[in-house]
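Visitor: Residues in the sequence shown are numbered consecutively from 14, following our numbering.
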Amino acid sequence: MRHKIAGNRLSRNRSLRKATLRDMAKAVLICQRIMTTKAKAKEARKLVDQLITLGKNGTLADKRRAFAILCDHQLVSNLFGKTSPRFNNRNGGYTRIIQLGTRRGDNAQLVYLELTEKEEVIVSKPKSTGTAKVKKVSEGPKETKATKHHEDVQDAEISSAPEEVKESPKKEAFKQPGKELPTAKDKKLAGKQFMGGLRRMFQRKAPGQ
Numbered sequence: 014m015r016h017k018i019a020g021n022r023l024s025r026n027r028s029l030r031k032a033t034l035r036d037m038a039k040a041v042l043i044c045q046r047i048m049t050t051k052a053k054a055k056e057a058r059k060l061v062d063q064l065i066t067l068g069k070n071g072t073l074a075d076k077r078r079a080f081a082i083l084c085d086h087q088l089v090s091n092l093f094g095k096t097s098p099r100f101n102n103r104n105g106g107y108t109r110i111i112q113l114g115t116r117r118g119d120n121a122q123l124v125y126l127e128l129t130e131k132e133e134v135i136v137s138k139p140k141s142t143g144t145a146k147v148k149k150v151s152e153g154p155k156e157t158k159a160t161k162h163h164e165d166v167q168d169a170e171i172s173s174a175p176e177e178v179k180e181s182p183k184k185e186a187f188k189q190p191g192k193e194l195p196t197a198k199d200k201k202l203a204g205k206q207f208m209g210g211l212r213r214m215f216q217r218k219a220p221g222q
């Protein structure tokens with residue numbers, strides 16, 4: 014029977030349990046809020062409260078004890094210089110647990126573990142540009158009825174002008190200076206002459222017949 018044994022082992026041995034609680038305490042001090050299970054949050058809040066108490070004392074021995082737990086010089090410096098001074102008016106209750114619900118899969122109870130005194134985050138609003146100033150573009154000479162009528166006549170002449178029919182690039186490639194391209198009639202006549210020559214070739218008799 015587990016008499017006089019306080020705390021939850023979290024299904025871990027001594028070294029793994031110690032590492033888990035240390036990482037959770039570091040996450041709370043850095044992010045100021047984490048989401049975890051209820052069992053882990055209850056064990057981690059004890060270590061976080063202990064670290065904040067060491068930061069409020071502020072002696073060299075307390076810094077060494079905090080560094081032995083956190084193993085991070087920058088985090089220890091922030092703990093003693095920024096985080097702990099926010100709790101000078103509190104004698105306890107440095108953290109709170111907010112229940113969220115159950116986790117899908119193993120139905121574990123999820124909670125938020127957060128600091129009660131958080132660092133103020135100043136969100137800078139974008140500067141309003143105000144009314145946009147529109148620069149006046151220098152206008153040209155104003156159009157009169159006569160100039161407008163003249164432009165309409167020019168557009169009508171351009172649209173009514175016959176478009177030049179451009180020859181295909183293939184025809185231009187075969188075109189030679191001084192020679193015209195063969196017409197369809199010439200092509201038909203040349204085909205008949207070729208077929209007639211073939212017939213005469215096959216109709217020739219061999220010598221001696």
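Beta carbons are placed, not taken as given, at the ideal position from N, Cα and C, and that holds for glycine.
As the structure is a computational prediction, the values presented were derived from the model and not from experiment.
1. For Val124, which three-state DSSP category applies?
2. CA-CA distance, Leu92 and Arg78?
3. Could you give the first and the last residue of the continuous alpha helix (DSSP H) run that contains Gln87?
4. For Tyr107, collect the residues of the same chain with a Cβ closer than 7 Å to its Cβ; drop the 5 residues on either side in sequence, then sort them by chain order.
5. Is Leu126 closer than 8 Å to Ala81 when the C-beta atoms are compared?
6. Around the Cβ of Leu73, are there at least 16 other Cβ atoms within 10 angstroms (buried) or fewer (exposed)?
7. Which of helix, strand or coil does DSSP assign to Met48?
8. Just to confirm, are Thr50 and Ala121 a CB contact at a threshold of 8 Å?
9. Report yes if the CB atom of Ala52 is closer than 8 Å to the CB atom of Leu23, and no otherwise.
10. Buried or exposed: Met37, going by 16 or more other Cβ atoms within 10 Å of its Cβ?
11. Would you mind reading off the limits of the alpha helix (DSSP H) that contains Leu83?
12. Whose C-alpha, out of Ile47, Val134, Gly94, is nearest the C-alpha of Leu113?
13. Considering only the beta carbon of each residue, do Thr96 and Leu42 sit closer than 8 Å?
14. Does Arg117 pass the burial test, meaning 16 or more other C-beta atoms within 10 Å, or should it be called exposed?
15. From this set, Ala197, Ile110, Lys200, Glu132, which residue's C-alpha is nearest Ala57's C-alpha?
16. Given that a residue counts as buried once 16 or more other Cβ atoms are within 10 Å of its Cβ, and exposed if not, what is Lys17?
17. Can you list, in chain order, the residues of its chain with a C-beta nearer than 6 Å to that of Gly68? Leave out the 5 residues immediately preceding and following it.
18. Given a threshold of 16 other Cβ atoms within 10 Å of its Cβ, counted over all protein chains shown, does Leu83 qualify as buried or as exposed?
Guide: According to the structure data:
1. strand
2. 12 Å
3. 86-91
4. Val61, Asp62, Ile65, Phe100, Leu128, Thr129
5. no
6. exposed
7. strand
8. yes
9. A Cβ-Cβ contact shorter than 8 Å links Ala52 with Leu23.
10. buried
11. Start and end: 73-83.
12. Cα-wise, what sits closest to Leu113 is Ile47.
13. yes
14. exposed
15. Ile110
16. exposed
17. Leu92, Phe93, Ser97
18. buried
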